[in-house]
Amino acid sequence: MQNMDDYSESDIRSKYIDPAIKKAGWKESYIIREHQYTDGQIQVVGKSHKRGKTKFVDYLLSYPAYNPIAIIEAKKHKFPAGTGMQQGLKYAEDLQVPYVFTSNGDSFMFHNRLAKTGEIEKVISMDDFPSPEALYSQYIKESKINDTEKEIINTPYHFSYGDKHPRYYQVNAINNTIKAFANGQKHIMFVMATGTGKTYTAFQIIWRLIKSKKVNKVLYLVDRNILADQPMQDDFRKFGNEAVKLTRKEWQDPTGISAYKVYVGLYQQLFGENNENEKLFKNFKPDFFDLIIIDEAHRGSANANSNWREILDYFAGENSDTKVIGMTATPKETKDANLGYFGEPVYEYSLKQGIQDGFLAPYKVIRVGLDKDLLGYRPTKGKLDANGRIIEDREYNQKDYDRNIVLGQRTDAVAKFVSDFMKKNNERFDKTIVFGEDIDHADRLRRAFVNENPDLVNQDSRYVMKITGDDQEGKNQLDNFEDNESKYPTIVTTSQLLRTGVNVKNVKIIVLDTNINSMTEFKQIIGRGTRLNPNFGKFYFTIIDFRNVTRLFSDEEFDGTPIDTEEVTKDNVPIENTTDDSDTESHSTNDSDENLDQNIDPDNNYKYVVNDVHVQILNSQTYYYDNNGKLITENIVDYSKRNVLGEFPQLHDFINAWNSADKKAALIKTMENNGLFIDEIRKEKEYAELDDFDLIVHLAYDQPALTKQERINNVKKQGLLFKYKDQAREVIKTLLEKYQDPGIHIEDLESPQLLDTPQFKPLGGKIKIIKEFGGKKKYNQVIKDLTDNLFTIKQ
755 MQNMDDYSES
765 DIRSKYIDPA
775 IKKAGWKESY
785 IIREHQYTDG
795 QIQVVGKSHK
805 RGKTKFVDYL
815 LSYPAYNPIA
825 IIEAKKHKFP
835 AGTGMQQGLK
845 YAEDLQVPYV
855 FTSNGDSFMF
865 HNRLAKTGEI
875 EKVISMDDFP
885 SPEALYSQYI
895 KESKINDTEK
905 EIINTPYHFS
915 YGDKHPRYYQ
925 VNAINNTIKA
935 FANGQKHIMF
945 VMATGTGKTY
955 TAFQIIWRLI
965 KSKKVNKVLY
975 LVDRNILADQ
985 PMQDDFRKFG
995 NEAVKLTRKE
1005 WQDPTGISAY
1015 KVYVGLYQQL
1025 FGENNENEKL
1035 FKNFKPDFFD
1045 LIIIDEAHRG
1055 SANANSNWRE
1065 ILDYFAGENS
1075 DTKVIGMTAT
1085 PKETKDANLG
1095 YFGEPVYEYS
1105 LKQGIQDGFL
1115 APYKVIRVGL
1125 DKDLLGYRPT
1135 KGKLDANGRI
1145 IEDREYNQKD
1155 YDRNIVLGQR
1165 TDAVAKFVSD
1175 FMKKNNERFD
1185 KTIVFGEDID
1195 HADRLRRAFV
1205 NENPDLVNQD
1215 SRYVMKITGD
1225 DQEGKNQLDN
1235 FEDNESKYPT
1245 IVTTSQLLRT
1255 GVNVKNVKII
1265 VLDTNINSMT
1275 EFKQIIGRGT
1285 RLNPNFGKFY
1295 FTIIDFRNVT
1305 RLFSDEEFDG
1315 TPIDTEEVTK
1325 DNVPIENTTD
1335 DSDTESHSTN
1345 DSDENLDQNI
1355 DPDNNYKYVV
1365 NDVHVQILNS
1375 QTYYYDNNGK
1385 LITENIVDYS
1395 KRNVLGEFPQ
1405 LHDFINAWNS
1415 ADKKAALIKT
1425 MENNGLFIDE
1435 IRKEKEYAEL
1445 DDFDLIVHLA
1455 YDQPALTKQE
1465 RINNVKKQGL
1475 LFKYKDQARE
1485 VIKTLLEKYQ
1495 DPGIHIEDLE
1505 SPQLLDTPQF
1515 KPLGGKIKII
1525 KEFGGKKKYN
1535 QVIKDLTDNL
1545 FTIKQ
């Protein structure tokens, strides 16, 4: 009979934990085994990328469905029952699970995260695992869940065949919002980074509140037509004929639409088309809606002086029972905006978390220095611009360009650098958004990119397009730009229009040639690139920065807890206006028709145009996103070396880990997940013929690298072959001979599949060879002995 200490974790789960929880009444529908809740961060260096390690729990127990209530971590029998507790508690914190169990097959260790006093952690027998009902009852009592929240918890999510299931952070946002709702909180906000599914999260919240009969009518309020159409075509479609997108006509006369439950509207339609003083929303009774959900609640939506606030005060005023839920990708603005109105978010899921979990695309940044940006430009006294006007004699810098003064050759230099980058990297059909200062700048950028790419423009004039609020032809192509299957438009220049709301999953390049000081606006623009799209080859995106805007990545406000300093004004908050029944969009100050005159900037100041000043690139530097969310400037070798040393600072640390590893390949895989790019490094001549072990010790610790033949000779000198006789010795000799083949590395030696190759047929093949060694376990021990001797180093 097999010793229990020899059982793997999988054996412990199947032989001991599964029977224990089934005996306690846990049905399969309540259990998710090996629940992977992250995808693993995508690491990018150069043009290479790989997935990091994922997070998963051995068991996730839910009761009722999608109400995570407990996790179980299994460990081998040779370890104490509580060995995995610290690991389990970290997972429980991520998943917001109240109860954690660990087990080695002998007993369970139970940790109660809800307990404030008394016995927080205790041992229970395998026969005493709590039933779903008992654990749920304990959860309801200890969480002090009221009847309203209990009813919502017991209301299932919407699922139909083929539906996506909510990710862990979406479940957290839903549950935290519902708890706040059930506890009577009137103003509720949750924060989720762009691309993490706020609309889907909102849909499930609305679904459960309606189905539990806690609300009857919901107003889903947006400020962009596209933000109304997308949910109606996707998630909200599941409401069937209970959901409606309102037009201005229906705001003017709501008669006949009282039967709906979900109303999707644009806040611009709530006012008169030609008369801002006409309050169309007042055609609805103040108590018509039970719940208002505001999409993109960061744009001054709760500002005390805004139109949004007037609407909120009408439908959800101080004496009203109507509740308001705000969703935003931008945490904590000012006390006059969302922070002051909603209070602290009930849940936050940041861009950094999304990237580290592998749900969002990481980025690399190319910062480009233009000589006139770095050194400034001062005209000679009396110099005339292209329109014959004397240029004010002062020094102009980066903040002035394309706002107070236009350097024509600067625009050309930007277009040339980006176009050359796309050509050099075979990325000419990668969807690209170029952000300029205003419509005039966007138009000049379009022209410069056309001139840099005549071959592709001649194939299709849509290769380069300007998409701004004033250009209907450009806006007509927005759907094609969002379409993964559509090649054109490819390069799009814009000012304000594409900063928010658009869902172009396959944007791979974002070009910043505009001054941005608003953290809110910066995060919105970066959000255009963060959506992953692996089916179309998008695992990361590139930011090409000509204005040092990406300095904001290092600002504590970007992904930390912001200081309440940013003022929301017309200059730093993009506002999209809808002005007619067809929902045609005109846009903010910078994108209005009055700015089409190229010599007028948004503040109606004269804009000098200078076309005879040479502008050139002085430098460019590429930065990569590392495991800690920092931008670093390293090549693939240096990057990998740093990650190896971060895990094993000294050679002896690595050797100890190497010698204690049952499978060397498993250790190497872990190191690869943590940023070691072995396959890419091997493409460099110096490392091409090295095995994994020698590559690591040579790369990280400057040890001399041995060839395969030198390592084999060392094994023979140590007399390892004489430990084995006859057939076994022949197998070892053949393994060493096979190891010399190009492309054969340690993971091949450790895999029994190598015994299926022709060289081993005369020795009986895989099944016979393993049997003659006394079984798989003993064969694996022989291989470990071989690799321990083959891959060793004098310290």
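Numbering-wise (the working numbering), the sequence shown opens with residue 755 and increments by one. Just so you know, even glycine gets a beta-carbon here, dropped at the ideal spot from N, CA and C. None of the values given here were measured: they were computed from a predicted structure.
DSSP, reduced to helix, strand and coil, places VAL877 within a strand of the structure shown. Just measuring C-alpha positions, the residue of ILE1120, GLY1281, GLU1239 sitting nearest ASN1289 is GLU1239. Separation of the CB atoms of ILE1187 and ILE1297 is rounded to 10 angstroms, and the pair is thereby denied contact status at 8 angstroms. Exposed is the label assigned to GLU1464, since fewer than 16 other Cβ atoms lie within 10 Å of its Cβ. Taking a cut-off of 8 angstroms for Cβ pairs, the segment 866-884 and the segment 942-962 do not touch, as fewer than three such pairs fall below it. With respect to ASN1158, TYR1362 sits close: the two C-beta atoms are nearer than 8 angstroms.
Secondary structure remark: continuous beta strand (DSSP E) runs of at least 3 residues inside the segment 1177-1224, in chain order: 1185-1189, 1218-1220. Membership of GLN1375 in the beta strand (DSSP E) is indicated by the continuous run 1371-1379.
Here TRP1005 is near PHE1035, since their CB atoms are less than 8 angstroms apart. 8 angstroms or more divides the Cβ of ASP1044 from the Cβ of VAL976.
Close CB contacts of PHE1025 within its chain, under the 7 angstroms cut and outside five residues either way in sequence, are with GLU1032, LYS1033, LEU1034, ASN1061 (chain order). The C-beta separation of MET863 from VAL877 comes to about 6 angstroms, placing the pair in contact by the 8 angstroms criterion. With respect to the 8 angstroms criterion, PRO1512 and ILE1524 are not classified as neighbours on the basis of their beta carbons. DSSP places ASN1382 outside any alpha helix (DSSP H), giving it a letter other than H or E.
For ALA828, the secondary structure class from DSSP, reduced to helix, strand or coil, is strand.
Rounded to whole angstroms, the gap between the alpha carbons of TYR1441 and SER1394 is 13 angstroms. DSSP, reduced to helix, strand and coil, places PHE1514 within a helical segment of the structure shown.
Leaving aside the five residues that flank ALA828 on each side, the residues in its chain whose CB is nearer than 7 angstroms to its CB run, in chain order, GLU763, ILE766, ARG767, ILE771, ASP812, SER857.
If one requires a minimum length of 4 residues, the alpha helix (DSSP H) runs lying completely within the segment 985-1071 are 1002-1006, 1061-1069, in chain order.
Restricting attention to ASP1209, PHE1235, ASN1234, ARG1200, the CA atom closest to the CA of VAL1218 is found in ARG1200. A direct Cα-to-Cα measurement between ILE796 and ILE1386 gives close to 15 angstroms. Inter-residue distance for TYR974 and PHE1038 is about 15 angstroms (C-alpha atoms, whole angstroms).
No residue range can be given for ASN1260, since it is assigned to no beta strand (DSSP E) and is classified by DSSP as neither H nor E. The shortest C-alpha to C-alpha distance from PHE1293 to any of LYS777, GLY806, MET758, ILE1547 is the one to GLY806. Inter-residue distance for ALA1420 and PRO1496 is about 21 angstroms (C-alpha atoms, whole angstroms). ILE1145 is positioned such that its CB atom lies no closer than 8 angstroms to that of ASP1154. Distances from the alpha-carbon of LEU868 to those of THR902, ILE823, GLY838, PHE833 put ILE823 closest. Here the alpha carbons of GLN1110 and GLN1370 stand approximately 37 angstroms from one another. Here LYS1292 carries a strand assignment [DSSP, helix/strand/coil]. Bounds of the alpha helix (DSSP H) holding ASN1234 are 1232-1236.
DSSP places GLN795 in no alpha helix (DSSP H); its state is neither H nor E. Taken through DSSP and simplified to helix, strand or coil, ILE785 comes out as strand. Within the segment 881-952, the runs of alpha helix (DSSP H) at least 4 residues long that lie entirely inside it are, in chain order, 886-896, 901-907, 922-936.
Inter-segment contact for the segment 1471-1481 and the segment 836-850 is absent: fewer than three beta-carbon pairs are separated by less than 8 angstroms.
Taken through DSSP and simplified to helix, strand or coil, GLN790 comes out as strand. With contacts defined as CB atoms closer than 8 angstroms, GLU1191 and SER1249 qualify as a contacting pair.
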